[in-house]
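Structure record follows, encoded as structure tokens.
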Amino acid sequence: MTRRPTRTRLWALALAVLLLGCGAAGYTLRAAQRAGASRPSADASLTLDGTGERLFVRDTATGRVALAGRDGTRRTGGPVCDRFHAAGPTALCLQRRPGVPARAYAIVLDRRLHEVRRIALPGIPNRARVSASGRVLSWTMFATGDSYATSAFSTRTSILDLRTGYLVKDMEQIPLTLEGRRHHAPDVNYWGVTFARDDNRFYATVSTDGRTYLVEGDLRAWSARALRANAECPSLSPDGTRIAFKKKVSDDPKSPWRLYVLDLRSGREQPLADRRSIDDQVLWLDGRTLAYGHAGDVWAGPADGSGAPRVLARGASSPAMVR
Numbered sequence: 648m649t650r651r652p653t654r655t656r657l658w659a660l661a662l663a664v665l666l667l668g669c670g671a672a673g674y675t676l677r678a679a680q681r682a683g684a685s686r687p688s689a690d691a692s693l694t695l696d697g698t699g700e701r702l703f704v705r706d707t708a709t710g711r712v713a714l715a716g717r718d719g720t721r722r723t724g725g726p727v728c729d730r731f732h733a734a735g736p737t738a739l740c741l742q743r744r745p746g747v748p749a750r751a752y753a754i755v756l757d758r759r760l761h762e763v764r765r766i767a768l769p770g771i772p773n774r775a776r777v778s779a780s781g782r783v784l785s786w787t788m789f790a791t792g793d794s795y796a797t798s799a800f801s802t803r804t805s806i807l808d809l810r811t812g813y814l815v816k817d818m819e820q821i822p823l824t825l826e827g828r829r830h831h832a833p834d835v836n837y838w839g840v841t842f843a844r845d846d847n848r849f850y851a852t853v854s855t856d857g858r859t860y861l862v863e864g865d866l867r868a869w870s871a872r873a874l875r876a877n878a879e880c881p882s883l884s885p886d887g888t889r890i891a892f893k894k895k896v897s898d899d900p901k902s903p904w905r906l907y908v909l910d911l912r913s914g915r916e917q918p919l920a921d922r923r924s925i926d927d928q929v930l931w932l933d934g935r936t937l938a939y940g941h942a943g944d945v946w947a948g949p950a951d952g953s954g955a956p957r958v959l960a961r962g963a964s965s966p967a968m969v970r
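Each residue of the sequence shown is one higher than the one before, starting from 648 at the first, in this note's numbering.
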């Protein structure tokens with residue numbers, strides 16, 4: 648004989664279903680939150696639009712992009728990034744993903760800092776650059792290692808043309824001319840790209856045979872040639888006549904570099920007044936002033952080697968001047 652369920656059993660069954668449903672909903676919510684945390688989200692009021700020059704930085708405390716005021720104030724609310732750069736109507740956000748091996752995303756953002764394209768990458772985010780027009784982007788990832796101060800590292804640098812959508816996954820494909828001859832070697836590494844205003848010519852660092860070189864490249868001609876040795880992480884001035892870079896001046900792994908500015912016409916190098924070892928791709932705030940990250944803050948100093956460095960933004964990195 649089949650027993651009819653009692654009122655108590657019915658209530659117990661209903662309670663069990665309710666608890667299971669709440670548990671599933673909680674799991675779904677947590678999964679959605681985890682998924683959402685990996686995607687950049689921005690305050691709708693924080694955009695690249697505005698009057699005059701606007702300095703954006705990565706806020707160290709939150710990892711979010713922020714607008715830094717000249718009075719020391721900071722307006723946060725931008726996307727979460729490990730490296731950031733912006734110019735014109737475009738921003739580039741490099742975002743590390745959790746897990747092993749190291750992985751990341753290169754995320755293209757529009758003027759409202761909304762995501763328009765996402766590219767999955769292997770490695771650790773290292774350098775990010777947007778051309779002045781906002782139409783050509785480049786990023787560098789550490790494929791192995793995480794510091795330029797040792798020889799045990801390898802990089803992978805990409806270029807994305809937003810006009811055509813064409814992606815150069817690895818710049819090592821670009822033919823390199825070194826000392827007047829075509830150079831072939833398995834240890835060629837590119838990093839730290841900076842673009843001229845024509846969105847075609849670029850400068851970058853190449854390492855091979857244990858040495859580093861400043862190279863000038865041509866995207867349309869698909870070529871690059873070395874200009875001089877011992878120059879890393881170049882940054883082209885707004886007028887295209889000078890390049891700021893870091894130069895190795897010591898074998899001490901704790902302080903190997905010093906910042907210099909190269910006059911492309913005369914070939915003259917000028918060291919900056921800041922004698923500290925700076926490991927960053929500097930930013931030209933204007934034709935006279937450079938900004939760079941060091942020791943957890945963004946600093947600024949004259950490009951002609953005079954004066955002294957000053958703190959531009961505390962607890963910040965990845966400066967980007969949007970005009």
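Here a beta-carbon is modelled for each residue, glycine too, at the ideal position from N, C-alpha and C.
field: Residue interval of the beta strand (DSSP E) (run including H941)
entry: Looking at the DSSP string, the run of the beta strand (DSSP E) that includes H941 is 936 to 941.
query: Apart from the five residues just before and just after L807, which ones in its own chain have a Cβ nearer than 6 Å to its Cβ?
result: The residues are L784, L814.
- prompt: Less than 7 Å separating the beta-carbons of W838 and T859?
  reply: T859 is positioned such that its CB atom lies no closer than 7 Å to that of W838.
message: Going by beta-carbon coordinates alone, are G887 and A955 separated by less than 7 Å?
response: Between G887 and A955, the C-beta gap is not smaller than 7 Å, which leaves the two residues out of contact.
field: Rounded distance between the beta-carbons of H732 and S965, thought under 8 Å
entry: Contact flag correct, Cβ pair sits at about 7 Å.
- request: With a 10 Å radius around its C-beta and 16 neighbouring C-beta atoms as the bar for buried, classify V908 as buried or exposed.
  value: Its Cβ being crowded by 16 or more others within 10 Å, V908 is buried.
- prompt: Using 8 Å as the Cβ pair cut-off and three pairs as the minimum, do the stretch 873 to 880 and the stretch 890 to 902 touch?
  reply: Contact between the stretch 873 to 880 and the stretch 890 to 902 is present: 3 or more CB-CB pairs across the two stretches fall below 8 Å.
field: Where E819 sits in the DSSP three-state scheme
entry: In the three-state scheme derived from DSSP, where H, G and I count as helix and E and B as strand, E819 is classed as helix.
message: Going by DSSP in three states, D933 sits in which element: helix, strand or coil?
response: Look at D933 here: in three-state DSSP terms it is coil, with no helix or strand label.
field: N-terminal and C-terminal residue of the beta strand (DSSP E) that G948 is part of
entry: In the DSSP assignment, G948 falls within the beta strand (DSSP E) that extends over 944 to 949.
- prompt: Would W869 be called buried (16 or more neighbouring beta carbons within 10 Å of its own) or exposed?
  reply: Exposed.
query: G735 and G781: beta carbons closer than 7 Å?
result: With contacts defined as CB atoms closer than 7 Å, G735 and G781 qualify as a contacting pair.
task: Using a threshold of 7 Å, state whether the C-beta atoms of R758 and T694 are closer than that.
output: In this structure, T694 lies closer than 7 Å to R758 by Cβ.
message: For a test of the three-state rule: what should DSSP assign to R759, helix, strand or coil?
response: Reduced to three states, the DSSP call for R759 is coil.
field: Residue from L741, T707, G812 whose Cα sits closest to the Cα of R776
entry: It is L741.
message: If you follow the beta strand (DSSP E) that P966 is in, where does it begin and where does it stop?
response: 963 to 969 is the span of the beta strand (DSSP E), which, as asked, contains P966.
- prompt: Measuring CB to CB, does V945 end up less than 7 Å from L959?
  reply: Closer than 7 Å, so yes.
- prompt: According to the Cβ coordinates, are A738 and P772 closer than 7 Å?
  reply: No. Outside cutoff.
message: Which of the three DSSP states is assigned to K895 in this structure?
response: Strand.
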